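A quick write-up on the structure given underneath.
Number of protein chains: 2
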Amino acid sequence: MGKLIVVGIGPGDYENMTVRADRALQTCDTIIGYHVYVNLVKERYPDKEFLTTPMTRETQRCQMALDEALKGKNVAMVCSGDSGIYGMAALIYELRGEATEPEIEVIPGLTAACSGAAILGAPLTHDFAVISLSDRLTPWEKIEKRLECAAQADLSIVLYNPASHGRPDHLRRACEILLRVLPEDRPCAVAQHIGREGENRRFYTLGELKDAEVDMFCTVFIGNDSTRMIGGNMVTPRGYRDV
Amino acid sequence: MGKLIVVGIGPGDYENMTVRADRALQTCDTIIGYHVYVNLVKERYPDKEFLTTPMTRETQRCQMALDEALKGKNVAMVCSGDSGIYGMAALIYELRGEATEPEIEVIPGLTAACSGAAILGAPLTHDFAVISLSDRLTPWEKIEKRLECAAQADLSIVLYNPASHGRPDHLRRACEILLRVLPEDRPCAVAQHIGREGENRRFYTLGELKDAEVDMFCTVFIGNDSTRMIGGNMVTPRGYRDV
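Protein chains in written order, with the working numbering: chain A, 1 to 243; chain B, 1001 to 1243.
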């Protein structure tokens, strides 16, 4: 009986992968995933069987992974970032339902909140919220409510999927909601192509962020009440210096 | 001139460390950290100089790391989980201030939200909040407000530092706040000793979680509106099956 391992490969470079994720990809028979993520690992594990499906075919992709494992193969389903956070692990558990086979193992990986924060400075030293601006699977009203509550709670906020071709103005709309509660000068940042070629970071105030150019390779960070720029980095002190 | 690298070592085991974190610890001269975290890596990197300070001496520990780097040593400051999320990276940037030396590099690691979720199933497939119940550096009123807002926003919630000797009843108090908004039967879980000896998981309803026994080695997960138990695991569907 094969095993299905859901592997979070992190931002995409080998260095930011865990030892455990690397071993899983070394020892599996088949690597399945969205073609962009499969291409990130293909070179390093050339002797594997590779199966991919197009972007929005998540259910088909996960069912394929379960079927291959049931056939006796050791399958690694690769997810960028973490395997659970906006990843495929939940859908795989859903599709297996109450069945006990195939065995499923979830291997965590660095999500963009962690890997992005590290290139910006230290913006997430205190409580924070992670919110996706994609309304493909979530009504916009719910996203709006979450943004509003996160701002009222003085949580630092990390925005995933800030834009795509289909929704170029979501970041602007999100900023307008946040600005009902947060000041114009709240420190913000965009991390792009984290751990990949062209990695870069840009800093803004919340007022400026409204007009920032972002794409699907960007992760957006909004500071909390105590976040400030220190030595050119975005830093959220936790108060250790005061004790 | 030495360099100060702030290393997130993840939950504690080698397997869940990134390739990059492992390299940094292999190549540094000195490893500095809270003694519990230093002990987690001591065996694997025996030929290093080790410097530790007691638990609540964060400022002293980070200043020591900066000073050693200024003396010309390559210093690795180890943090459990991520180096930024409730880690030492921000304090190190604060202490360096506007100075440009020593060079600081932040290496991210698996925070307990990722590593804990992976052993529970897939509870964080959708938007979530990470909130610490430690009021050592944060007024309890602020923690209370954040819990209330996160519940109103239907965010999954991850609680760090759910208890310590000094505050055994914080989880109960947090649950009572959440129960003002969330139902008694909301799926919850506790992940303990993640990636370490004695790793275990326990599932509760929010009503039961009030009375759960937790310590400083526990991370607590509270599901959102769609979270449910599937095949004995805590799963938060994102809605892929409906598209």
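From the three backbone atoms N, C-alpha and C, an ideal C-beta is built for every residue, glycine too. This structure is a prediction, so every number in the text was calculated from the model and none was measured.
Between residue i and the rest of its own chain, which residues show a CB-CB distance below 7 Å, the 5 nearest in sequence each way excluded?
i, result
"R196/A", "P11, G12 and D13"
"Y1093/B", "I1104"
"P162/A", "L133, H170, L171, V214, C218 and V220"
"S251/A", "Missing from the structure shown is residue 251/A; chain A here goes from 1 to 243 and no further."
"F1128/B", "L1155, S1156, I1157 and V1158"
"T1236/B", "A1122, P1123, L1124, T1125, H1126, S1156, G1223, N1224, S1226 and T1227"
"A44/A", "Residue identity differs from the one stated: residue 44/A is Arg in this sequence, not Ala. Excluding residues within five positions, the ones whose Cβ falls inside 7 Å are Y14."
"R20/A", "I107"
"L1178/B", "L1147, A1151, L1206 and I1222"
"C28/A", "I5, K48, N74, V75 and A76"
How long is the line joining the alpha carbons of residue i and residue j, rounded to whole angstroms?
i, j, result
"T1059/B", "T56/A", "48 Å"
"P183/A", "G207/A", "8 Å"
"V41/A", "R1202/B", "34 Å"
"G1033/B", "Q1063/B", "11 Å"
"D1067/B", "P139/A", "51 Å"
"D1022/B", "I1009/B", "8 Å"
"M1234/B", "K1210/B", "18 Å"
"P1187/B", "L1155/B", "13 Å"
"D1015/B", "D1047/B", "According to the sequence displayed, residue 1015/B carries Glu and not Asp. Straight-line Cα distance between these residues: approximately 20 Å."
"K1003/B", "R241/A", "22 Å"
"F1050/B", "Q1026/B", "13 Å"
"T100/A", "G121/A", "43 Å"
"P1054/B", "K1142/B", "27 Å"
"R1096/B", "G231/A", "8 Å"
"I157/A", "S226/A", "13 Å"
"Q1192/B", "E1199/B", "6 Å"
"C1114/B", "A112/A", "11 Å"
"I1194/B", "N1039/B", "16 Å"
"I251/A", "K71/A", "Residue 251/A lies beyond the stretch modelled for chain A, which goes from 1 to 243, so this question has no answer here."
"S80/A", "M1001/B", "36 Å"
"H35/A", "V78/A", "10 Å"
"K1073/B", "G116/A", "27 Å"
"L1137/B", "M1216/B", "16 Å"
"T1030/B", "Y1160/B", "29 Å"
"V190/A", "V1130/B", "20 Å"
"L1185/B", "P102/A", "In the sequence on display, residue 1185/B carries Asp and not Leu. Approximately 29 Å, taken between the alpha carbons."
"M229/A", "Y204/A", "10 Å"
"D135/A", "A1069/B", "47 Å"
"A153/A", "L91/A", "30 Å"
"E144/A", "A1212/B", "33 Å"
Using DSSP's beta-bridge definition, name the partner residues of residue i.
i, result
"A1129/B", "A129/A and I1157/B"
"S1164/B", "R1167/B"
"R1201/B", "A1191/B"
"L1004/B", "V1075/B and I1104/B"
"N1233/B", "I1230/B"
"E1068/B", "DSSP, once it has assigned bridges, lists no residue as partnering E1068/B."
"A1122/B", "V1235/B"
"I1031/B", "F1050/B and A1076/B"
"I222/A", "I157/A and C188/A"
"T1056/B", "Per DSSP, none; premise fails for T1056/B."
"G81/A", "G10/A"
"T18/A", "T1018/B"
Tell me which residues share the same chain as residue i and place their Cβ nearer than 6 Å to its Cβ, disregarding the 5 neighbours each side in the sequence.
i, result
"A24/A", "I5, V7, A76 and I107"
"R1238/B", "T1125 and H1126"
"R61/A", "T53"
"M17/A", "I9 and G10"
"A65/A", "L4, I32, V75 and M77"
"Y37/A", "V78 and S80"
Ignore the nearest five residues each way along the sequence and tell me which others in residue i's own chain have a CB closer than 8 Å to its CB.
i, result
"E98/A", "none"
"R1180/B", "E1148 and A1151"
Practice task
Answer yes if the stretch 100-109 of chain A comes into contact with the stretch 1071-1087 of chain B, meaning at least three C-beta pairs across the two stretches below 8 Å, and no otherwise.
Solution key: With the cut-off at 8 Å, the stretch 1071-1087 of chain B and the stretch 100-109 of chain A do not touch.
Practice task
Check distances from the C-beta atoms of the stretch 1168-1182 of chain B to those of chain A and list, in chain order, the residues that come in under 7 Å.
Solution key: Those would be none; no residue qualifies.
Handout entry: Stretch-stretch touch, CB-based, cutoff 8 Å, three pairs: the stretch 1168-1175 of chain B with the stretch 156-170 of chain A
Key = Fewer than three Cβ pairs drawn from the stretch 1168-1175 of chain B and the stretch 156-170 of chain A lie within less than 8 Å of each other, which leaves the two stretches out of contact.
Problem - Near-chain B residues of the stretch 87-101 of chain A - C-beta to any C-beta below 9 Å - result: Considering only beta carbons, the part of the stretch 87-101 of chain A lying closer than 9 Å to chain B consists of G87, M88, A89, A90, L91, I92, Y93, E94, L95, R96, G97, E98, A99 and T100, in chain order.
Exercise for the section: Compile a chain-ordered list of the residues in the stretch 203-220 of chain A whose CB is closer than 7 Å to at least one CB of chain B. Expected result: Nothing from the stretch 203-220 of chain A brings a Cβ to less than 7 Å from some Cβ of chain B.
Handout entry: Interface positions of the stretch 1017-1049 of chain B facing chain A (Cβ-Cβ less than 7 Å), listed along the chain
Key = The stretch 1017-1049 of chain B vs chain A, Cβ under 7 Å: M1017, T1018, V1019, R1020 and D1022.
Practice task
Determine which residues of the stretch 1131-1147 of chain B have a Cβ less than 9 Å from any Cβ of chain A, and write them out in chain order.
Solution key: Those residues of the stretch 1131-1147 of chain B that come within reach of chain A (Cβ to Cβ, closer than 9 Å) are I1131, S1132, R1136, L1137, T1138, K1142, I1143, K1145, R1146 and L1147.
Handout entry: Contact set between the stretch 53-65 of chain A and chain B, restricted to residues whose Cβ is under 9 Å from the partner
Key = The residues in question are T56, E58, T59 and C62.
Problem - chain B contacts made by the stretch 219-241 of chain A, where a contact means CB separation under 7 Å - result: Residues passing the 7 Å Cβ filter: I230, G231, N233, V235, T236, P237, R238, G239, Y240 and R241.
Practice task
Give the residues from the stretch 1106-1117 of chain B that approach chain A closer than 9 Å (Cβ to any Cβ), ordered along the chain.
Solution key: For the stretch 1106-1117 of chain B, which is checked against every Cβ of chain A, the residues closer than 9 Å are V1106, I1107, P1108, G1109, L1110, T1111, A1113, C1114, S1115, G1116 and A1117.
Handout entry: Members of the stretch 151-167 of chain A that neighbour chain B once the beta carbon cut-off is set at 8 Å
Key = Legend: CB atoms of the stretch 151-167 of chain A lying less than 8 Å from CB atoms of chain B belong to residues Q152, A153, D154 and L155.
Exercise for the section: Pull out every residue of the stretch 70-83 of chain A whose Cβ sits closer than 8 Å to any Cβ of chain B, in chain order. Expected result: Residues passing the 8 Å Cβ filter: D82 and S83.
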